[in-house]
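Enquirer:
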Amino acid sequence: MLHSRRARACRGAFHAAGFLFASLVLVLTSGAQSPRPAAAAQGCPVVSGYVYVDANDNGLFDAGETPISGSSIALRNGGGTTVATTVTGASGYYLFNNDTSVHPPEESLTHSLSFPQTTTDWSMTRNAPKFDSAMGTLTGVDVTNSAAITSGIKAESLDGEATTLSATVSGMVALTIPGADTVTTAPVVEAGSFDAAAYDGIADFAGPSGHDFGSHTATGAATTVVSGQALSLYTGAGTVELLGVATATSHTTGGGNVLNKITTVASAQVILTYRYWPVVCLKAGPYTIVQTAQPNGYGDGRETAGNVTPLPNSKGSDSIPITIGAGDLPNNNFGELPASISGYVYVDLSNDGIKDAAEPPIGGVTVTLSGEDATGTPVHRTTTTAGNGYYLFDGLLAGSYEVVETQPAGYLDGKDTIGSQGGSVANDRLFAIDLGAGVHGVNNNFGELPSPTATATAPATGTATTVPGTPPPGTGTPPGAFSPTPVDTVSGARTPGPPSAGSGLLGLPATPTNLALFAIVLISLSSWIAIITMGRRNREAGDGQLPHDD
Numbered sequence: 000m001l002h003s004r005r006a007r008a009c010r011g012a013f014h015a016a017g018f019l020f021a022s023l024v025l026v027l028t029s030g031a032q033s034p035r036p037a038a039a040a041q042g043c044p045v046v047s048g049y050v051y052v053d054a055n056d057n058g059l060f061d062a063g064e065t066p067i068s069g070s071s072i073a074l075r076n077g078g079g080t081t082v083a084t085t086v087t088g089a090s091g092y093y094l095f096n097n098d099t100s101v102h103p104p105e106e107s108l109t110h111s112l113s114f115p116q117t118t119t120d121w122s123m124t125r126n127a128p129k130f131d132s133a134m135g136t137l138t139g140v141d142v143t144n145s146a147a148i149t150s151g152i153k154a155e156s157l158d159g160e161a162t163t164l165s166a167t168v169s170g171m172v173a174l175t176i177p178g179a180d181t182v183t184t185a186p187v188v189e190a191g192s193f194d195a196a197a198y199d200g201i202a203d204f205a206g207p208s209g210h211d212f213g214s215h216t217a218t219g220a221a222t223t224v225v226s227g228q229a230l231s232l233y234t235g236a237g238t239v240e241l242l243g244v245a246t247a248t249s250h251t252t253g254g255g256n257v258l259n260k261i262t263t264v265a266s267a268q269v270i271l272t273y274r275y276w277p278v279v280c281l282k283a284g285p286y287t288i289v290q291t292a293q294p295n296g297y298g299d300g301r302e303t304a305g306n307v308t309p310l311p312n313s314k315g316s317d318s319i320p321i322t323i324g325a326g327d328l329p330n331n332n333f334g335e336l337p338a339s340i341s342g343y344v345y346v347d348l349s350n351d352g353i354k355d356a357a358e359p360p361i362g363g364v365t366v367t368l369s370g371e372d373a374t375g376t377p378v379h380r381t382t383t384t385a386g387n388g389y390y391l392f393d394g395l396l397a398g399s400y401e402v403v404e405t406q407p408a409g410y411l412d413g414k415d416t417i418g419s420q421g422g423s424v425a426n427d428r429l430f431a432i433d434l435g436a437g438v439h440g441v442n443n444n445f446g447e448l449p450s451p452t453a454t455a456t457a458p459a460t461g462t463a464t465t466v467p468g469t470p471p472p473g474t475g476t477p478p479g480a481f482s483p484t485p486v487d488t489v490s491g492a493r494t495p496g497p498p499s500a501g502s503g504l505l506g507l508p509a510t511p512t513n514l515a516l517f518a519i520v521l522i523s524l525s526s527w528i529a530i531i532t533m534g535r536r537n538r539e540a541g542d543g544q545l546p547h548d549d
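Counting from 0, one number per residue, gives the positions in the sequence shown under numbering that gives the first Met the number 0.
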């Protein structure tokens, strides 16, 4: 391609064109120490296990029981030195397969990525395998970008006066990598100069006004180091991607107008070096697996080696003794205990707030639990009592809770009782329950009273005897329940009996109170009649008349 430009100030010309060609070469080399292949590292004895919620408190990790993530576990040798630490994953699983307390000489693993010579400008990506953590602990990644810019340059002076032509080979290869700034190489080399005569009228890059500077190459290199948290981007399965971008800036200069022809190619060789501490297998001998912190909100359960038989007296120890030999040691498990709140709803016949064995239960009653657990998570759960009046909120973390009963229909409110865990009592509400880790609060009971029912009231009696009579009219007195009419035994006079519930009492309702008042009136009236009769007889006796019966 021919190109001319008049630029008295800059007096230069630039050219770039290209096509794309790529290949990838991976080369593995070692550092000063012999690398340990991943297969050897994976051949180390593996110590592993789980941390889980032991819902049935049997010391075994049963199907359906919940794993606990984020629990810190340490492995200590026979001397008590911590040789490795880890944290359980989402499945509650942890493992140890190497002694991280030993740091052998650092080793290295190198990957070479080639961006082959290609006409500029170009952009291409390359991928390298990530570091396999089974080989050891990655300590750093060195990335070196070595670039070469090659340009063939021809120039023709178009000025009518003599001038000096100069040629420069330059360009840039920028490499973008994860976790670090771009690694940029910008090679530059002078391709020479030529004293050109006035333009000879032929643009052939030859003769007295033109010159072929030939092909020249500029090289350069740049290195960066990846460390710290960014190392996680280079660790694990899969690959890490690197993006290379090449740009040509080769040019010519002269005293006037210059026509040039420039062809440029660029290449790069990238060296990716993983520096790491190799795995040191756990030596044979006695060790102890230790749960260094109790999971928040859980009570300490039992530990099991092999998930077969719980270790005796392991509650509160948070440790599992093991002996490492040639084989793996799986299922070294730590069980954790949830808390619970339970109680009964019952008919408190004695109304003393104590659930006696003979007092009947009330099923189908709604009971609600609310509060906040030890992790700060709000809790709201509802259940109903079973046929035996029992309710249970299980699987709880330690926290602050309250339990509220929905008053059952057909009963009067009785006395409620706080359970074994302690707290405060209000009407149909047990509150300020500070539930400890692994605590089972029982007998959080709600007592109810039976509703009163209407009962027949016996009529009031005096000194009178009764004779059969006819029940008074009215719908309020059932057959056989009427009060017979009293008869005075002295005068033989029949005295009025109380009216039926249906007829009313002197216009008043026949309530037990009104009936009692009426009976008192009758008794008083009978007494006055007796007194009057005796007075009459006394007067007759005073007149000389003997008393006689009619």
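From the three backbone atoms N, C-alpha and C, an ideal C-beta is built for every residue, glycine too.
Predicted model only: the values in this text are computed from it and were never measured.
#1: Name the residue from Y343, T167, G298, G326 whose alpha carbon lies nearest to the alpha carbon of G418.
#2: When the Cα atoms are used, what is the spatial distance from T216 to H210?
#3: Helix, strand or coil for G253? Go by DSSP, reduced to three states.
#4: DSSP three-state call for L164: helix, strand or coil?
#5: With 16 as the cutoff for other CB atoms within 10 Å, does V142 come out buried or exposed?
#6: Using a Cβ-Cβ cut-off of 9 Å, state whether L108 counts as contacting chain D.
#7: Span of the beta strand (DSSP E) holding F333?
#8: Can you find at least 3 beta carbon pairs, one from the stretch 352-368 and one from the stretch 322-331, that sit closer than 8 Å?
#9: Report the three-state DSSP secondary structure of Y297 (helix, strand or coil).
#10: Tell me F552's beta-bridge partners as DSSP assigns them.
#11: Check the C-beta distance from F204 over to A190 and give it rounded, since I have them as a contact under 8 Å.
#12: My output table needs one value for D268: the three-state DSSP class, helix, strand or coil.
#13: Return the chain-ordered ranges of every alpha helix (DSSP H) run that is complete within the stretch 415-455 and spans a minimum of 4 residues.
#14: Considering only DSSP beta bridges, list what A221 is partnered with.
#15: Pick helix, strand or coil for Q406, following the three-state DSSP scheme.
#16: Taking DSSP as the reference, what is the three-state secondary structure of E401?
#17: Pairing CB atoms from the stretch 82-100 with CB atoms from the stretch 334-352, are three or more of them under 8 Å?
#18: Roughly how many angstroms lie between the CA atoms of A265 and S249, to the nearest whole one?
#19: Any idea if T117 is buried or exposed, counting beta-carbon neighbours within 10 angstroms, 16 or more meaning buried?
#20: Just the Cα atoms here: how many angstroms apart are V550 and Q420?
#21: Determine whether the beta carbon atoms of G253 and A195 lie at a separation below 9 Å.
#22: Going by C-alpha distance, which of D299, V403, V289 is nearest L74?
#23: Taking the alpha-carbon of H379 as reference, which of A385, G394, Y389 has the nearest alpha-carbon?
#24: Given this structure, state the Cα-to-Cα distance separating V26 from P103, to the nearest angstrom.
#25: According to DSSP, is P309 helix, strand or coil?
#26: A179 lies in the beta strand (DSSP E); which residues open and close that run?
#27: Reducing DSSP to helix, strand and coil, say where G363 ends up.
#28: Of the residues T138, S169, L137, which one's Cα is nearest the Cα of I152?
#29: Would P186 pass as a contact of G219 if the rule is Cβ separation under 9 Å?
#30: From this set, S70, S71, A54, which residue's C-alpha is nearest E64's C-alpha?
#31: For T469, count the other beta carbons within 10 Å of its own beta carbon; 16 or more makes it buried, fewer makes it exposed. Which is it?
#32: Taking the DSSP output, what are the residues bridged to E155?
#33: From A62, Y93, N57, pick the residue whose C-alpha is nearest to that of S71; which is it?
Expert: Reading it off the structure:
#1: Y343
#2: 18 Å
#3: coil
#4: strand
#5: buried
#6: Here there is only one protein chain, and chain D is not present.
#7: 331-336
#8: no
#9: coil
#10: Coverage of the chain is limited to positions 0 through 549, which leaves residue 552 absent and any answer about it impossible.
#11: Not confirmed; about 14 Å, so no contact.
#12: Checking the displayed sequence, the identity of residue 268 turns out to be Gln instead of Asp. Note: Q268 maps to strand in three-state DSSP.
#13: none
#14: N144
#15: coil
#16: strand
#17: no
#18: 11 Å
#19: buried
#20: An answer regarding residue 550 cannot be provided, because it is not within the stretch 0 to 549 covered by the chain.
#21: yes
#22: V289
#23: G394
#24: Confidence is the limiting factor: at V26 the pLDDT is only 33, short of 50, which leaves the residue's position unreliable and the question unanswerable from this model.
#25: strand
#26: That residue, A179, is in no beta strand (DSSP E); it is neither H nor E in DSSP.
#27: coil
#28: S169
#29: yes
#30: A54
#31: Unreliable placement is indicated for T469, whose pLDDT of 41 sits below 50; the coordinate value is still reported in the next sentence. With fewer than 16 Cβ atoms within 10 Å of its Cβ, T469 is classed as exposed.
#32: G209, L258
#33: Y93
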